Every structure is written in structure tokens, then in C-alpha cells.
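Visitor: Start counting the sequence shown at -8; every next residue gets the next number (our numbering).
Even glycine gets a Cβ: it sits at the ideal position worked out from N, Cα and C.
Bear in mind the structure is a predicted one, so any value in this text is a computation, not a measurement.
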Amino acid sequence: MPRPADWRMLFPGFWREGPRPLQVCTGDAAQQEFGGPLLSRVFIISNRVATPKAGVHAGGLEVVLKATLKSHSCVWMGWSGETRAQPRIRTIHQGRLTYIVSDLTKADFDEYYNGFANRVLWPILHYRLDLAEFSRRDLSGYLRVNEHFADELAKVLKPDDVVWVHDYHLIPLAKAMRERNLKNRVGFFLHTPLPPPEIITAMPNHEHLIPALTHYDLVGFQTDNDAANFARYLANELGMPSHISRRYDSAERTMRIGTFPVGIETRAFARLARRAVRTGLVRKVMKSIPGALMIGVDRLDYSKGLVLKLEAYERFLAANPAWHGKITFLQITPKSRSQIKEYAEMEAAVNATAGRINGTYSDASWSPMRYVNRPYSRTALSGLYRSARVGLVTPLRDGMNLVAKEYLAARRDGSGVLILSEMAGASRELGEALLINPNSLDEIVQALAEALTMPPAEQVRRNRAMQERLRSYNVAQWGHDFFRNLQDIKSVQEKFRAKLLNPAMRRRIYREFHRASRRWLFLDYDGTLVSFYPSPEQAKPQPEVLRLLKKLTQDPRNRVVLISGRNRNFLRKCFGKISRLNIVAEHGVWLKEGRNPWRNIRPLHQEWKAQVLSRLQLFADRLPGAFVEEKEFSLVWHFRKSEPELAALRERELIDDLLNLTANLDLQVLPGNKIVEVRSIEASKSTAVKDFLVQAGDSDFFFAIGDDSTDEDLFRALPERGYSLRVGLAPSHARFNLADQTQVLPFLRGFSGPRA
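(1) Using 8 Å for Cβ pairs, my map puts residue 247 next to residue 480. What's the rounded Cβ distance?
(2) Going by beta carbon distance, what residues of the same chain come within less than 6 Å of residue 22, once the five residues before and after it are set aside?
(3) State the DSSP-derived secondary structure class of residue 123, mapped to helix, strand or coil.
(4) Along the alpha helix (DSSP H) that carries residue 219, what are the first and last residues, could you check?
(5) Are the CB atoms of residue 669 and residue 652 within a distance shorter than 7 Å?
(6) Take residue 625 as the anchor and find which of 447, 577, 698 has the nearest alpha-carbon.
(7) Which ranges does the beta strand (DSSP E) cover as unbroken runs of at least 3 residues, wholly within the segment 73 to 108, from first to last along the chain?
(8) So, with DSSP's three-state summary, where would you put residue 662?
(9) Taking buried to mean at least 16 other C-beta atoms within 10 Å of its own C-beta, is residue 192 buried or exposed?
(10) On the DSSP bridge assignment, give the partners of residue 67 in chain order.
(11) With which residues is residue 166 paired in a DSSP beta bridge?
(12) Quick one: which unbroken beta strand (DSSP E) runs of 3-plus residues sit fully inside the segment 639 to 724? Chain order, please.
(13) Around the Cβ of residue 609, are there at least 16 other Cβ atoms within 10 angstroms (buried) or fewer (exposed)?
(14) Does the segment 225 to 244 come close enough to the segment 401 to 408 to have 3 or more Cβ pairs within less than 8 Å?
(15) Give the DSSP-derived three-state secondary structure of residue 583 in the structure shown.
(16) Please name the residue, chosen from 673, 661, 716, 682, that lies closest to residue 701 on a Cα-to-Cα basis.
(17) Count the other CB atoms, across all protein chains shown, that sit within 10 Å of the CB of residue 196; report buried if there are 16 or more and exposed otherwise.
(18) Under a three-way DSSP split, which group does residue 624 fall into?
(19) Looking at C-beta atoms only, is the number of pairs between the segment 172 to 188 and the segment 149 to 160 that lie closer than 8 Å three or more?
(20) What is the DSSP secondary structure of residue 599, counted as helix, strand or coil?
(21) Can you find the residues in the same chain that come closer than 8 Å, C-beta to C-beta, to residue 327, ignoring five residues on each side of it along the sequence?
(22) Hey, how far is the Cα of residue 36 from the Cα of residue 410?
(23) For residue 67, which of 81, 40, 73, 729 has the nearest alpha-carbon?
(24) Have a look at the DSSP bridge pairing and note the partners of residue 320.
(25) Alpha carbon to alpha carbon, how far is residue 368 from residue 231?
(26) Given this structure, state the Cα-to-Cα distance separating residue 508 from residue 647, to the nearest angstrom.
(27) Identify, in the order they occur along the chain, each residue of the same chain with its Cβ nearer than 7 Å to the Cβ of residue 20, setting aside the five sequence neighbours on each side.
(28) Among the residues of its own chain, which have a CB less than 6 Å from the CB of residue 114, if the five just before and after it don't count?
(29) Can you tell me which of 355, 373, 345 puts its alpha carbon nearest to the alpha carbon of residue 361?
(30) Can you give me the C-alpha to C-alpha distance between residue 514 and residue 540, rounded to a whole angstrom?
(31) Would you kindly report the start and end of the unbroken beta strand (DSSP E) that includes residue 239?
(32) Compare the C-alpha of residue 103 against each of 81, 128, 470, 116 and name the closest.
(33) Give me the Cβ distance between residue 318 and residue 443, rounded to the nearest whole Å; I'm assuming they're in contact under 8 Å.
(34) What span of residues does the beta strand (DSSP E) with residue 157 cover, start to end?
(35) Tell me, please, which residues DSSP counts as bridged to residue 255.
(36) Is DSSP giving residue 728 helix, strand or coil here?
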């Protein structure tokens, strides 16, 4: 673990020196005591809290978080593990950790924990849609408990506190916090896998639950595959495009997704294992076992593939009688969620399989299988890992699986063989293990034979590579990495917040506008005056837009220029009755000044169109929902109606194809909002604007607004003293940003209303 000074540098203000005796406060006294002089803290929020009370544990999360945050001044909040008719809120202080624990009612426990969390989310997150049991009552209880935790946070959080939320029990917590106007940095980490959108979208009400994750500042996953699945969901279901850095911009916030594989304390665990092998328990176990020990440690859960694991071992024994009496498989399987029927049935199946193996192959001096249904301490497990020749880790689906990492950490001398499911997140880091498909009994049998006969030098070669990787990205580095990314995205948010149009700047723009005697207003159309629609022809101006433009053009001090990529026929039909409106079509090819006829600003050739049109049409044919729009001097490939994932692939392919095709032509290939446009390099909004600016003379107010990359030409062409607004949170040459398109008309009304 890093020294305390390292954490002080990373989180100034989070630190509190010196241990504190155990203190417990309840009710209002807890709030009063907690609201002391500490100004900035790290809050950990999880379903269960590992309080100092003996026997209260939070599972694997306890090990990870206590290792990561024991050097911090932090607060751990969550469920106490108790149910009461009148739940209590308690605050417990011990050392640098403060615990805030809340009891739940029996209804909360049944609906939130046993219900929605474990009967719906757990199976779906582990790709077992067939086991999900959805009910509205359970969903209501799940949301209610998250609201409860948000209420308790609202009582104790200070503005600069940082909140780290853990796991699927608390997906909607950030949304509930934002609804209470809590603006703290909030990160979320999912310890389980995340399945692809095709599975998630089968869950009733997914469209309300999963998007709640966008209220976090950072959403972390165990593997790139999990993060990619979430990115696909955001693209497919919410239409949220990602930046290269997996950053997502919305009206509410800028958030990022990332991959942070959970690590362990490798050196500390190795020391623990070295001491543990000398304990009475480990010595007794090893003395009672003839030959080699193979170990498996799994919680009793259908995601662990326990029956298949035992059946594979059974098949190995049948095929390899030479190993009878020379290997013993110790499977440690603590019970979990015994109130759920499927778990009781699974326990019976595992017991029956283990009994059948021993009944078939045992003799007076040897039993091939030891199946234990109770938990062991980390000390005992570390000693058993260090003593076991083979570690057998075969989950059907697992977010990470720290047993695999602990087995390797315990093998300080580099001996031993890890057999690991390729469905475990740990397999992404531990490629030198014997990776198997946990659904294939033959693969597991073959891996067992290879593991038991692997030369010592080969064992060491494989294990040293994995051990070094685990040391480099240990649990301390995991926590450091997550917090660094959380801080980075907050810096990005602050950068955007600095460019977001604030009330003071809005008033300044209005004042300068109303004081000016000659004003120029350059207004984009699609994505600015109107929102986007599946088909371009649907994006017709609403009556409010027409009224606003008419009112602006009636003021003789205003010159209003509607500057669009649309063709002139569309613009004429929509805006032809506004006689004083100036209109630029096809990004600067055509111009209509007031009542004057259309004129061509720049003579352009069209010889290129036939060749490019055929390529665009070919790609439209390859993508359902895509189509080609032909303008007089440009071509546009639209894919707003298409399935997002395939559309993104086809878009990349098309752009590559077009760049090669147009390399020696004076053409631009311009990706836009669900479009790819090809046009002459001489056609741009800046060309048209510069023509108008020649007429501007002593004009004293310039303003431009647009929403995409084609408007950047417009912003750059504007005089330095002018004001420019980019709709959305994308980086821009514009001086300021508006959060989204819905804010455009309210802003422009300030130009048509009374003096600000």
C-alpha cells in the first residue's frame, strides 16, 4: 500500500491523523457528531457495511475496500445487515474509518435485497435472463431503499466530499442524489459483469434504471468487455455518442466510463500465506491428504458452475485411474442467499454430485472429494492456497474472481498451476493460466491432466509473469486509478462549465445587443433552431421559430442570416414568407438576400457527383434505414434511422472509402450528426459569412450559433469581438456553449424582447 503521504498528495483535505476509539452514535446525535470540523471526505456507499461488530461482513467487497481505503479518512455507509420494524441509523467511529449504517424493514429486505437486486439484477448481470423474476413491488422497494440512502447522504455530505458507490444494489443512487441537489463528485463501480444490450433490454423498465448511471461522473467496470457493453447500450438506447476517451456529454453533465480491474494486496497476502502454512488447521489438512491437493473456493451460486466443475472432476477420475489415491479435491463453498429457492435446489445438486464422486471412487484410505459448506478465514485460505498444487476456478460468469489472484499471490515460490475460466474477468489479466471454457467438461479434464503433469520450470515461468502483473496493478493502484479518473473527469466538467453560458454573460450579451445600432445574427438550422428528426423532411420549423425570425427581421437594426446545409427548395418553402430574412443554402453555395432571387455565391462543378453518389448508395444499401440525399452541389448519407452499432461500423468504412476516392479531388468529407456529407472544398459557411462581413462596415454587434463541426467555420469567421454559441458540450471555437437544443429558443427570445 502507498504511504499515507502519497494519499495526502492525491486527496488534500481527506486526511485525519491519529486513531479514534470505537464510538457509536444514533439518531440526531449521530448527525451532530458527524458534522464536525472535517471538511472533505471520501464516502464509500455499498449494500453491506463491514462494521467493527464481530461477525458482520460485506463479503469480497470488505477485503477490497478496507485494503484500499485504510489509509484514508473515509466514511462507509450502507445497510447494517439487520431488519427492524423501526430502523435505526447509527454512526460508528473506529480509527480513520467512520461507519454510517442503517437498518432496513422486513419489506425493504424482501423487495430491495432478496427481491429486485438478487432475483432480477443478479441473474441478468450474469447472463441468466431465464432466472430473473420481475415484479413491480420489488422494483418499488429497490428504488425506495436507494431514495432512503440518498436522504441520509443529504444530511451529512459537504460540497467537496467525494462519493464512491459500489455495485448493482445502488444503480439509481446518483440520480436520487442529483434530485436532492447534491453536486458532489460521485463515482460508481460495478463488481459484476455487464451483459450486452440484447440481454439488458429484455429487463422490464431497463429504460428507466440503466440510464440512471449517466448521473454518475465516472462509471467503472472490471473489464473492457463490460465497459464496451455499456457503451453499446448508451449508443443504442440513448443515442449518446462517445469521444475517444469514452467521455459522454449531455445537458446534465459530462461523464466517463472506464475499466478498473480489482486487484489484491499481493505482498501482504503472500506474507499471510507464509505464516498460515504453519498453523494447526493447514498442517492437519495437509497431513490427512495423500498426494496432491487441488482447491476450489466458491460461494454457493449458480454463476459459479459448481455442478459442472464437480462433474468434470468426476470425468477426470473415470478417465485417469492412475491418479486415484494421489489427488484430493477440496471444494470450499459457503452458503449464500439460502432464502431463495434456486439456491436451495443448487445446494442439493452439488451435495448429490460430491456424494456420488466419493461413493464411486473412495476406498478405505482415500476420498477423492472433500466438500465443505462453511466459510474459512482469509488466513486459513491463504495457507491452503499455498499448499495446493492446483487451483481450480471455473465460474460460468464472474466479474473478476479474486480467488484466482489470491491463489497466485500465495504461491511465493512460483509453483502451482491455476486453471481459470475464460468467463471470469480475471482471465483478461491472467493469460498464462490454463484457460478453459467452463461449459466444456472435456476442456476441464484436459486442463487437469496438464496441470498435474506440468514441469516445475513451466509452472514458475507462467506464474512469475502473472504475479508481476498483479503486483503492478494491486488493490492500492486500483483505488488510485479510479480516484484519479474521477478527478480528471471533474476537471473536464469544470472546463465545460467555464464555457457554458452563465446568467451574467447572458445578461451582458443582451445589454450589448440592445445598445447596438447595427447587428448581425447568424443562425444555424438543424440541431439549433429545430431538433433532429429521423427524416430530414420532418424537421420543419415550428410556428414559434417562424414568429421569432419574423420579429427579429422586422427590427431595421438587425440583419438576420439563416445559414444551413439544407437545399434551397426546402428553405424557400419553409421561410420564403419572411421577406427580410437572408438565407444561405448548402453551407454557402446559394444565397437569398431578403426579397432578392437566389444567387450562386461560388460557381462550383458537379462532375464528381455521379461517382461519389454510387459509393454512397452502395453503403446505404448495406445499412438498413440509411439513405442518400442529393443536393445541387453536395451529397449526404443519412443513418439516423439505422441500428447504432452497425451504423457506426458502416460510417467508419464509408469515410475511409470516401477519403481514398476523393484524395485527388477538391472535395471535403464531413462527418456530422448521424450524417456523412461530401461537398466542394470551396463551399463552407465561412465563405458566405465573409461576404456578409464585407457589408458589415461599422456594425457593432455580431452573433453566431450552431451545433456541429460545419459551424466551426462560421465561428472562426466571426470578428473577434463577436459572440458565438455552440449547442451541446463538444469542444469548439465558439466562445460559449449552450447545454442542448432546448435552450436555443429561450435564449434567442432575449433578442426579440424588451431591453435587458
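Guide: On the basis of the data shown:
(1) Contact flag correct, Cβ pair sits at about 5 Å.
(2) Reliability of the predicted coordinates at residue 22 is poor, the pLDDT of 43 falling under 50, and no value is obtained from them.
(3) DSSP places residue 123 in the coil class of the three-state scheme, outside both helix and strand.
(4) Unbroken alpha helix (DSSP H) run through residue 219: 215 to 229.
(5) No, Cβ-Cβ distance for residue 652 and residue 669 is not below 7 Å.
(6) Answer by Cα proximity: 577.
(7) 80 to 85, 88 to 95, all fully within the segment 73 to 108.
(8) Strand.
(9) Burial is judged here by how many other beta carbons sit within 10 angstroms of a residue's own beta carbon; residue 192 has fewer than 16 and is exposed.
(10) DSSP, once it has assigned bridges, lists 35, 90 as partnering residue 67.
(11) For residue 166, which the question treats as bridged, DSSP gives no partner whatsoever.
(12) Those beta strand (DSSP E) runs which fall completely within the segment 639 to 724 and span 3+ residues are 658 to 662, 666 to 671, 692 to 697, 714 to 718.
(13) Exposed: under 16 other Cβ atoms inside 10 Å.
(14) They do not touch, by the three-pair rule.
(15) If DSSP states are grouped into helix, strand and coil, residue 583 belongs with the strands.
(16) Residue 661 is the option with its Cα nearest to residue 701.
(17) Result: exposed.
(18) Residue state, collapsed to three classes: coil.
(19) Judged by Cβ distances under 8 Å, the segment 172 to 188 makes contact with the segment 149 to 160, as three or more pairs qualify.
(20) Looking at residue 599 - three-state DSSP - the assignment turns out to be coil, as it is neither helix nor strand.
(21) Same-chain partners within the cutoff: 290, 291, 292, 334.
(22) Taking the straight line from one Cα to the other gives about 34 Å.
(23) Closest option to residue 67, Cα to Cα, is 40.
(24) Here residue 320 is bridged, per DSSP, to 285, 360.
(25) Going from the Cα of residue 368 to the Cα of residue 231 covers about 45 Å.
(26) Going by C-alpha positions, residue 508 is about 49 Å away from residue 647.
(27) Since pLDDT at residue 20 reaches only 42, below the 50 mark, its modelled position is unreliable, and no value is offered.
(28) 122, 123.
(29) Answer by Cα proximity: 345.
(30) Going from the Cα of residue 514 to the Cα of residue 540 covers about 10 Å.
(31) Run containing residue 239: 238 to 240, per the beta strand (DSSP E) assignment.
(32) Nearest C-alpha to residue 103: 128.
(33) About 7 Å; that satisfies the 8 Å criterion.
(34) Here the beta strand (DSSP E) through residue 157 covers 153 to 157.
(35) According to DSSP, residue 255 bridges with nothing at all.
(36) Three-state DSSP puts residue 728 in a strand.
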